[in-house]
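**Q** Here it is, the structure in full.
Shown next as structure tokens:
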């Protein structure tokens with residue numbers, strides 16, 4: 819029985835979906851060496867998006883990024899919420 823293998827230099831693919839009242843699905847994903855690297859990227863990417871569109875955050879009162887693996891299994895979420 820032949821079992822397909824990944825090339826040694828390939829990295830796992832992660833998807834970074836955003837929800838802020840609307841859903842923005844990451845249809846391409848990006849490759850990161852491991853889960854720790856994907857976690858760091860999630861924080862950096864969240865900061866970048868919130869910096870570029872702060873009014874969307876204030877209009878929805880909750881902003882969430884969900885990170886999933888190549889099989890679209892949820893790994894973790896980052897949630898930013900307004901409390902007044």
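Numbering (our numbering), first residue to last: 819 to 902. Where is the CB? At the ideal position from N, CA and C, for every residue including glycine.
Tell me, please, which residues DSSP counts as bridged to residue 832.
**A** In DSSP, residue 832 forms a bridge with 848.
**Q** What residue from 849, 863, 880 has the CA that sits closest to residue 838's CA?
**A** The candidate whose alpha carbon is nearest that of residue 838 is 880.
**Q** What is the DSSP secondary structure of residue 870, reduced to helix, strand or coil?
**A** In the structure shown, residue 870 sits in a helix (DSSP, three-state: H, G or I).
**Q** Between the beta-carbon of residue 831 and the beta-carbon of residue 895, is there less than 8 Å?
**A** Against a cut-off of 8 Å, the Cβ pair of residue 895 and residue 831 comes out as no contact.
**Q** So, residue 885 versus residue 834, is the Cβ gap smaller than 8 Å?
**A** Result yes, Cβ atoms of residue 885 and residue 834 sit closer than 8 Å.
**Q** Exposed or buried, which one is residue 936 when buried takes at least 16 other CB atoms within 10 Å?
**A** Any property of residue 936 remains undetermined from this structure, which presents the chain solely from 819 to 902.
**Q** Near residue 870, which residues of its chain fall below 6 Å by C-beta distance, leaving aside the five closest residues on each side in sequence?
**A** Correct list: empty, nothing qualifies.
**Q** Could you spell out where the beta strand (DSSP E) holding residue 882 opens and where it closes?
**A** It spans 880 to 886 - the beta strand (DSSP E) in which residue 882 sits, taken as one unbroken run.
**Q** Candidates 860, 866, 828: which alpha carbon is nearest residue 893's?
**A** It is 860.
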